[in-house]
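Numbering (the numbering used here), first residue to last: 15 to 278.
Here the structure is laid out as structure tokens; the discussion comes afterwards.
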Ligand SMILES: C[S@@+](CC[C@H](N)C(=O)[O-])C[C@H]1O[C@@H](n2cnc3c(N)ncnc32)[C@H](O)[C@@H]1O
């Protein structure tokens, strides 16, 4: 099942990624997909821990490779004035736009909003309103480019978040490292990189559609970050439970990390 002859890059997502099925399968409730056990609650709790204290704040936050999802910025949105979401696949950007405009049939993020608000003692309706007001743009991006937002140049960001994107977008470690360099360039000096990813994964599935994934080790990522001069402040790993019975992916662990770009 994990044997791919060709790595499924961005162009493949454009034609084959079912945005709505992805959200239905993985994000319709805080516990996420049953086969992935504590994957989603781990991510939401990590993000809440990083941002809810309000220590990290600023003007611009960019989420790179958002997919159709807003979960990665739920805990951060109170602390940044402007949020940019982005993805390679236009159907993903369209689903986010639909949600922002409260259009009929838009995705339902209420269960995740509710969960994060319970963790942080907030009101779901207020958090939803803040988030919708602060997401200023949903842009097309390509992490394989030196400037992922080419031809646009974004102002330097206080924070860049990326979740499960680079390992899905980059077919080898050289391209992964280059993509990480591109993300680092989006940050102002002293800016914060928050990354969610998977270790040792070669595939994941959305309904019956397989997507390939670059198998990464913790050392691969640490080395890539240190080559870019970033300091790692947190690197948390949750090993997969019951991996043999996971029908939708073969990840060995999920990780969450916080790193800082050096100040000039
Ligand atoms: C596994 S999904 C992750 C989505 C979301 N961030 C999350 O945490 O659920 C991988 C995403 O990477 C996007 N992607 C694939 N290639 C890309 C590229 N070259 N540049 C930007 N995004 C890309 C896909 O369209 C997809 O939305």
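Where a beta carbon is used, it is the ideal one built from N, C-alpha and C, also for glycine.
Here residue 30 has 223 as same chain residues with Cβ atoms under 6 Å from its own Cβ, once five neighbours each way along the sequence are excluded.
Taking the Cα of residue 86 as reference, the smallest distance to any Cα among 95, 73 and 64 is reached at 64.
Ligand 1 approaches residue 158 closely enough that one of its heavy atoms is under 8 Å from the residue's Cβ. DSSP, reduced to helix, strand and coil, places residue 95 within a strand of the structure shown. Under a 10 Å Cβ-count criterion, residue 210 is classified as buried, with 16 or more other Cβ atoms of the shown protein chains found around its own Cβ. Inter-residue distance for residue 32 and residue 40 is about 12 Å (C-alpha atoms, whole angstroms). One thing to note: residue 264 has its Cβ within 9 Å of the Cβ of residue 216. The alpha-carbon of residue 66 is positioned some 43 Å away from that of residue 19. Taking C-alpha positions only, residue 152 is separated from residue 51 by approximately 30 Å.
One thing to note: residue 173 has its Cβ within 9 Å of the Cβ of residue 206. Assignment of residue 22 by DSSP, reduced to helix, strand and coil, places it in the coil class. Within the model, the alpha-carbon separation for residue 242 versus residue 119 is close to 42 Å.
For residue 162, the distance from the CB to the nearest heavy atom of ligand 1 is below 8 Å.
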